[in-house]
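Residue numbers (our numbering): 3 to 74.
The beta carbon of each residue, even a glycine, is placed where N, CA and C say it ideally should be.
Given the structure is predicted, the values throughout are model-derived calculations rather than measurements.
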Amino acid sequence: MLGKIKALIKDPAFWDIFGLFTFSFISYTTIKSLSTNQPFSRPFVLIFFVIGIAGLLVDGRMVWERWIKKPD
Numbered sequence: 003m004l005g006k007i008k009a010l011i012k013d014p015a016f017w018d019i020f021g022l023f024t025f026s027f028i029s030y031t032t033i034k035s036l037s038t039n040q041p042f043s044r045p046f047v048l049i050f051f052v053i054g055i056a057g058l059l060v061d062g063r064m065v066w067e068r069w070i071k072k073p074d
């Protein structure tokens, strides 16, 4: 069991799951900031919004291919 966990942690695709949550948080925070005109400047928020969406697309695809859609 411990060997399986160690192998899983060494697999780079495992960390894409955490990236997916991180980029979701970044996207949520920037959308909230854009909709309420709260604490950050608009250019800063737009840059982070683009980073969040790009990260969601990349990590989402990796998680989809590795963990959700099983190879035939």
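Are residue i and residue j touching if we call contact CB-CB under 7 Å?
i, j, result
"Ile28", "Phe50", "yes"
"Asp18", "Val65", "yes"
"Leu22", "Phe16", "no"
"Gly5", "Phe25", "no"
Assign residue i to one of three DSSP states: helix, strand, or coil.
i, result
"Ser43", "coil"
"Met3", "coil"
"Lys12", "helix"
"Lys72", "coil"
Considering only residues of the same chain and omitting the five flanking positions on each side of residue i, which have a CB-CB separation below 7 Å?
i, result
"Phe42", "Ser35"
Using a Cβ-Cβ cutoff of less than 8 Å, which residues in the same chain neighbour residue i once the five nearest sequence positions on both sides are dropped?
i, result
"Val47", "Thr32, Ser35 and Leu36"
Taking all protein chains shown into account, do 16 or more other C-beta atoms lie within 10 angstroms of the C-beta of residue i, making it buried, or fewer, making it exposed?
i, result
"Lys61", "Before going on, a small fix: residue 61 reads as Asp here, not Lys. Asp61 is buried by the Cβ-count criterion."
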